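Undergrad: Protein chains in written order, with the working numbering: chain A, 362 to 708; chain B, 362 to 708. For every residue, glycine included, the Cβ atom is placed at its ideal position computed from N, Cα and C. Computed from a predicted structure; not experimentally measured. Sharing a structure below in structure tokens format, with a few things to ask.
Number of protein chains: 2
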Amino acid sequence: MPASTTLHDVARAAGVSVRTVSNVVNQYPFVSPATRERVLQAVTALGYQPNLTARGLRLGRTGVITLVIPDLRNAYFAELATSVMDAAALDNVFVLIEPVGFDRDRELQVLRGPQAKMVDGILFSALALGEDDAHLIDTSIPTVLLGEQIFNAPVDHVTMQNVEASRAATEHLLSIGRKRIVALGARRGEVVGSSGLRFRGYLDALEAAGLPHDPELIGTTQSWHRADGAASIADLIARNIAFDGVVAFSDTLALGAMSALQHAGLRIPEDVAIIGFDDTDETRYSHPTLSSVDAGRDEIASTAVTFLLDRIKNRDESLPPRRHLSKFQVIPRESTIGNVSAAHHSS
Amino acid sequence: MPASTTLHDVARAAGVSVRTVSNVVNQYPFVSPATRERVLQAVTALGYQPNLTARGLRLGRTGVITLVIPDLRNAYFAELATSVMDAAALDNVFVLIEPVGFDRDRELQVLRGPQAKMVDGILFSALALGEDDAHLIDTSIPTVLLGEQIFNAPVDHVTMQNVEASRAATEHLLSIGRKRIVALGARRGEVVGSSGLRFRGYLDALEAAGLPHDPELIGTTQSWHRADGAASIADLIARNIAFDGVVAFSDTLALGAMSALQHAGLRIPEDVAIIGFDDTDETRYSHPTLSSVDAGRDEIASTAVTFLLDRIKNRDESLPPRRHLSKFQVIPRESTIGNVSAAHHSS
DNA sequence: TTGAAAGCGCTAACAT
DNA sequence: ATGTTAGCGCTTTCAA
Numbered sequence: 362m363p364a365s366t367t368l369h370d371v372a373r374a375a376g377v378s379v380r381t382v383s384n385v386v387n388q389y390p391f392v393s394p395a396t397r398e399r400v401l402q403a404v405t406a407l408g409y410q411p412n413l414t415a416r417g418l419r420l421g422r423t424g425v426i427t428l429v430i431p432d433l434r435n436a437y438f439a440e441l442a443t444s445v446m447d448a449a450a451l452d453n454v455f456v457l458i459e460p461v462g463f464d465r466d467r468e469l470q471v472l473r474g475p476q477a478k479m480v481d482g483i484l485f486s487a488l489a490l491g492e493d494d495a496h497l498i499d500t501s502i503p504t505v506l507l508g509e510q511i512f513n514a515p516v517d518h519v520t521m522q523n524v525e526a527s528r529a530a531t532e533h534l535l536s537i538g539r540k541r542i543v544a545l546g547a548r549r550g551e552v553v554g555s556s557g558l559r560f561r562g563y564l565d566a567l568e569a570a571g572l573p574h575d576p577e578l579i580g581t582t583q584s585w586h587r588a589d590g591a592a593s594i595a596d597l598i599a600r601n602i603a604f605d606g607v608v609a610f611s612d613t614l615a616l617g618a619m620s621a622l623q624h625a626g627l628r629i630p631e632d633v634a635i636i637g638f639d640d641t642d643e644t645r646y647s648h649p650t651l652s653s654v655d656a657g658r659d660e661i662a663s664t665a666v667t668f669l670l671d672r673i674k675n676r677d678e679s680l681p682p683r684r685h686l687s688k689f690q691v692i693p694r695e696s697t698i699g700n701v702s703a704a705h706h707s708s
Numbered sequence: 362m363p364a365s366t367t368l369h370d371v372a373r374a375a376g377v378s379v380r381t382v383s384n385v386v387n388q389y390p391f392v393s394p395a396t397r398e399r400v401l402q403a404v405t406a407l408g409y410q411p412n413l414t415a416r417g418l419r420l421g422r423t424g425v426i427t428l429v430i431p432d433l434r435n436a437y438f439a440e441l442a443t444s445v446m447d448a449a450a451l452d453n454v455f456v457l458i459e460p461v462g463f464d465r466d467r468e469l470q471v472l473r474g475p476q477a478k479m480v481d482g483i484l485f486s487a488l489a490l491g492e493d494d495a496h497l498i499d500t501s502i503p504t505v506l507l508g509e510q511i512f513n514a515p516v517d518h519v520t521m522q523n524v525e526a527s528r529a530a531t532e533h534l535l536s537i538g539r540k541r542i543v544a545l546g547a548r549r550g551e552v553v554g555s556s557g558l559r560f561r562g563y564l565d566a567l568e569a570a571g572l573p574h575d576p577e578l579i580g581t582t583q584s585w586h587r588a589d590g591a592a593s594i595a596d597l598i599a600r601n602i603a604f605d606g607v608v609a610f611s612d613t614l615a616l617g618a619m620s621a622l623q624h625a626g627l628r629i630p631e632d633v634a635i636i637g638f639d640d641t642d643e644t645r646y647s648h649p650t651l652s653s654v655d656a657g658r659d660e661i662a663s664t665a666v667t668f669l670l671d672r673i674k675n676r677d678e679s680l681p682p683r684r685h686l687s688k689f690q691v692i693p694r695e696s697t698i699g700n701v702s703a704a705h706h707s708s
């Protein structure tokens with residue numbers, strides 16, 4: 362296995378100094394065309410690849426950022442991660458994904474462990490750290506928070522409008538005449554997390570419509586897997602609680618709920634209309650297709666990356682913490698408005 | 362923003378040399394307890410974190426490996442990535458995920474681009490590179506191939522038993538009396554890829570059972586999204602082609618197929634039994650739950666990581682290329698054997 | 001058992 | 001426009 366070629370090897374082959382090779386490699390403008398040509402030839406001849414570790418040590422920047430998320434197997438986070446990588450790739454930045462589960466210790470470890478020293482910055486989209494943990498954020502490394510947790514930390518935040526988006530989803534169901542709407546995915550006592558905020562939006566919509574809120578219509582779940590959505594809805598059905606709409610706080614929950622509804626012989630949307638949250642890919646392939654709220658995933662990813670790279674480039678300047686609220690949009694599909702094209706065909 | 366503390370800072374604070382601090386940090390055994398104690402105190406007092414970039418430059422190893430996959434939004438690859446990260450974490454190795462789509466150029470770029478110089482090795486699980494591309498593999502960087510492509514490259518391979526697993530899936534359908542079984546996810550002309558191999562296994566099972574193969578029962582698809590599975594099955598139904606079983610070459614295809622079957626009013630498994638491939642999480646939450654073949658994802662991940670770290674640790678020695686075939690297992694669920702517990706309840 | 005110092009490959013002053 | 005060289009923070013050989 363040949364030791365990889367270095368700047369010096371190229372310099373020797375081209376008969377110039379390392380300085381010149383470095384200049385050429387880094388697009389330094391003031392290099393004579395002849396020299397540049399000679400260097401480039403040596404580069405290709407030797408198959409030179411810059412050692413990013415050495416460059417990283419020298420520059421104090423490695424071109425790698427960490428994305429901390431709970432779980433990659435969750436469709437939303439897989440899509441978020443993809444959006445983040447796409448955005449980062451535009452600036453030749455790599456993304457080290459760190460799934461930490463829902464484990465507070467692992468979240469902290471990532472924020473403070475030695476790997477933090479290897480990356481230029483951290484995008485933090487974990488869940489377990491809460492409002493009171495703001496002080497745990499290490500402000501010496503550029504950090505951008507995604508989501509609502511820890512909202513007092515003195516760092517940039519890029520968040521979705523959970524309350525407003527959830528309210529819009531609920532209003533969508535109200536607009537098609539649903540009166541008894543289940544809030545699926547609530548977590549007991551949670552106020553500031555995604556679940557709590559989305560529940561708030563649900564309540565806001567009901568209140569604005571002058572509808573009472575029946576506590577029986579809260580579908581409490583432990584986590585947001587399909588199984589949780591299915592179990593919660595199955596439970597409501599078993600308890601003979603009547604409802605004609607479901608606002609699920611994630612698409613996965615909604616898909617699980619659909620499964621339970623169909624299991625019980627209920628028609629979607631005729632008997633129960635349902636809308637999810639996140640507008641993940643799978644909403645397009647369920648049967649019926651699932652209405653959802655796009656809370657602005659791509660916008661969140663690109664804004665967060667922009668914020669972070671911005672901080673990294675201007676490490677010395679101390680810009681005040683910024684906050685970005687991304688736009689959201691209700692995406693109606695068959696699970697609320699029925700199969701429009703099928704209706705056409707049958708006429 | 363304080364410049365991060367270095368070995369020298371700790372050394373000065375503890376009144377020892379950097380050599381000693383390094384020894385302590387790296388668990389070098391021959392350090393006097395008193396010295397160790399003093400150093401450790403300084404380390405915590407100053408909050409010292411080793412600079413992994415510098416260590417990487419010095420050691421020629423960064424503790425980062427790349428995982429090249431087509432797409433993280435594909436449930437199988439998200440689960441594979443998670444399994445790989447879990448396995449790598451056991452050795453304190455980080456994983457840089459590189460989704461390259463199905464783009465041949467991007468796959469090559471990852472194998473030869475400068476980022477290759479930042480990582481210790483590459484786990485390559487992409488799709489577009491084929492049998493004839495073996496020579497493109499850069500053997501100077503430790504590489505392990507996952508999957509069937511490029512099987513002549515002189516590097517380690519960790520593969521699933523596509524043919525055998527697919528045959529077992531088909532035999533599962535045969536064992537419950539299905540005679541006209543659709544192979545869903547075939548790609549025209551493909552022989553060596555996952556699709557081609559799984560199709561081979563399907564044919565093998567039919568042949569061994571003495572059943573004829575009807576070419577009309579090939580569900581050709583462009584890609585393996587849910588929509589492809591749904592469209593292909595919908596097409597078969599529209600063309601009035603009779604079938605009572607489906608072997609889908611991925612769970613996602615299968616879930617799409619289930620959607621199309623249900624749309625058409627067919628019962629699963631009474632009218633059509635269906636089995637998927639990969640045993641992804643979602644198989645447990647569909648309605649009905651989806652039978653599948655676990656082709657050994659975790660075993661593949663851990664073996665591949667072991668192989669790769671092995672190569673990295675022994676870079677000089679030239680072990681011959683190894684090959685590992687992981688075990689597989691048919692997981693019967695409701696989509697083939699029906700709802701067993703429901704049958705109990707109804708009695 | 002510990003110190004001094006070289007050097008991993010690179011960039012960027014400081015030269016000319 | 002280009003050559004020389006210091007030094008990023010670390011590990012480790014050589015010395016003591």
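#1: Does A:Q583 pass the burial test, meaning 16 or more other C-beta atoms within 10 Å, or should it be called exposed?
#2: With a cut-off of 8 Å on the beta carbons, I'd call B:S444 and B:D659 a contact; round off their distance for me.
#3: Between the segment 620 to 637 of chain B and chain A, which residues of the former have a C-beta closer than 7 Å to a C-beta of the latter?
#4: Roughly how many angstroms lie between the CA atoms of B:K711 and B:A662, to the nearest whole one?
#5: Based on Cα-Cα distance, which residue from B:F391, B:N387, B:A406 and B:Y389 lies nearest to B:A374?
#6: Look up B:I455 in the DSSP assignment and say whether it is helix, strand or coil.
#7: Can you tell me where the alpha helix (DSSP H) holding B:S383 begins and where it ends?
#8: Exposed or buried, what is A:V552 when buried is set at 16 or more other beta-carbons lying within 10 Å of its beta-carbon?
#9: Would you tell me roughly how many angstroms separate the C-alpha atoms of B:G699 and B:D565, rounded to the nearest one?
#10: Between the alpha carbons of A:G590 and B:A609, how many angstroms are there, rounded?
#11: Are any of the Cβ atoms in chain A nearer than 8 Å to that of B:D493?
#12: Give the range of the beta strand (DSSP E) segment to which B:H518 is assigned.
#13: Which chain A residues sit within Cβ distance under 9 Å of B:Y646?
#14: Could you check the C-alpha separation between A:R600 and A:I594 for me, to the nearest Å?
#15: Distance, Cα to Cα, B:S708 vs A:H648?
#16: Determine, for B:F455, whether the minimum Cβ-Cβ distance to residues of chain A falls below 8 Å.
#17: Listed in chain order, which residues of the segment 396 to 420 of chain A have Cβ atoms closer than 8 Å to some Cβ of chain B?
#18: Going straight from the alpha carbon of B:F391 to that of B:V385, what length do you get?
#19: Curious, which full-length alpha helix (DSSP H) runs of at least 4 residues does the segment 606 to 648 of chain B contain?
#20: Would a check of beta-carbon distances place A:E440 closer than 8 Å to chain B?
#21: From A:M619 to A:G637, what does the alpha carbon distance come to, in whole angstroms?
#22: What residue from A:F668, A:L670 and A:D612 has the CA that sits closest to A:Y646's CA?
#23: To the nearest angstrom, how far is it from the Cα of B:S383 to the Cα of B:R422?
#24: Against B:L488, what residues of chain A qualify as contacts under a CB-to-CB distance less than 9 Å, listed in chain order?
#25: Contact between the segment 492 to 507 of chain B and the segment 446 to 463 of chain B: three or more CB pairs below 8 Å?
#26: Out of curiosity, what's the CA-to-CA distance linking B:L534 and B:S696?
#27: Using the three-state DSSP reduction, which class does A:P394 fall into: helix, strand or coil?
#28: Terminal residues of the continuous alpha helix (DSSP H) containing A:R419?
#29: Along the alpha helix (DSSP H) that carries B:H733, what are the first and last residues, could you check?
#30: Could you give the DSSP three-state label for B:F485: helix, strand or coil?
#31: Less than 6 Å between C-beta atoms, sequence neighbours within five positions excluded: which residues of the same chain meet that for A:A621?
#32: If you count every other CB in all the chains shown that lies within 10 Å of the CB of B:S486, and 16 or more means buried, which is it?
#33: If you check the beta carbons only, do A:V654 and A:A526 fall under 8 Å apart?
#34: Rank A:Q623, A:E577, A:G657 and A:S378 by C-alpha distance to the C-alpha of A:R399 and give the top, closest one.
#35: Less than 8 Å between C-beta atoms, sequence neighbours within five positions excluded: which residues of the same chain meet that for A:R541?
#36: Counting contacts by CB-CB distance shorter than 8 Å, is A:R434 in contact with chain B?
TA: A quick look at the data gives this:
#1: By the neighbour-count rule (16 or more Cβ atoms within 10 Å), A:Q583 is not buried but exposed.
#2: Their Cβ separation, rounded to whole angstroms, is 5 Å, which keeps B:S444 and B:D659 in contact under 8 Å.
#3: Along the segment 620 to 637 of chain B, going in chain order, the ones with a CB nearer than 7 Å to a CB of chain A are S620, Q623 and H624.
#4: Look at the range of chain B in this structure, 362 to 708, and you will see that residue 711 of chain B is not part of it.
#5: When C-alpha distances from B:A374 are compared across B:F391, B:N387, B:A406 and B:Y389, the shortest belongs to B:A406.
#6: A quick correction: the sequence has Phe, not Ile, at residue 455 of chain B. In the structure shown, B:F455 falls within a strand segment according to DSSP collapsed to helix, strand and coil.
#7: Looking at the DSSP string, the run of the alpha helix (DSSP H) that includes B:S383 is V379 to V386.
#8: Its Cβ having fewer than 16 others within 10 Å, A:V552 is exposed.
#9: Straight-line spacing of the CA atoms in B:G699 and B:D565 works out to 26 Å.
#10: About 26 Å.
#11: No, B:D493 lies away from the interface with chain A (no Cβ there is under 8 Å from its Cβ).
#12: Annotation: the continuous beta strand (DSSP E) that includes B:H518 extends over D517 to M521.
#13: Those within 9 Å of B:Y646 in chain A are H586, R587, A588, G590, A591, T613, L616, G617 and S620.
#14: Going by the C-alpha atoms only, they are around 10 Å apart.
#15: Confidence at B:S708 is low in this model, with a pLDDT of 34, below 50, so its placement is unreliable and no value can be given for it.
#16: Closer than 8 Å to the CB of B:F455 there is at least one CB belonging to chain A.
#17: So the close ones are Q410, P411, N412, L413, T414, A415, G417 and L418.
#18: Approximately 9 Å between the Cα atoms of the pair.
#19: Those alpha helix (DSSP H) runs which fall completely within the segment 606 to 648 of chain B and span 4+ residues are 612 to 624.
#20: It does; some Cβ of chain B falls within 8 Å.
#21: Roughly 10 Å separates the two Cα atoms.
#22: Of the candidates A:F668, A:L670 and A:D612, the residue whose Cα lies closest to the Cα of A:Y646 is A:D612.
#23: Distance between the alpha carbons of B:S383 and B:R422: 17 Å.
#24: Residues of chain A passing the Cβ test: none, with the nearest at roughly 17 Å.
#25: Contact fails: fewer than three Cβ-Cβ distances are below 8 Å.
#26: The straight-line gap from Cα to Cα measures roughly 10 Å.
#27: Of the three classes helix, strand and coil, the one that applies to A:P394 here is helix, per DSSP.
#28: That run of the alpha helix (DSSP H) goes L413 to L420.
#29: Shown here, chain B extends from 362 to 708; a query on residue 733 of chain B therefore has no answer.
#30: B:F485 falls in the strand class under three-state DSSP.
#31: Residues of the same chain with a CB within less than 6 Å of the CB of A:A621, apart from the 5 flanking positions on each side, are A591, I594 and A595 in chain order.
#32: Buried: at least 16 other Cβ atoms inside 10 Å.
#33: With a cutoff of 8 Å on beta-carbon distance, A:V654 and A:A526 are scored as near each other.
#34: Looking at the Cα atoms, A:S378 is the closest of the given residues.
#35: Same-chain partners within the cutoff: D575, L578, A603, F604, D605 and G606.
#36: Residue-level contact by beta carbon holds for A:R434 and chain B, with a gap shorter than 8 Å.
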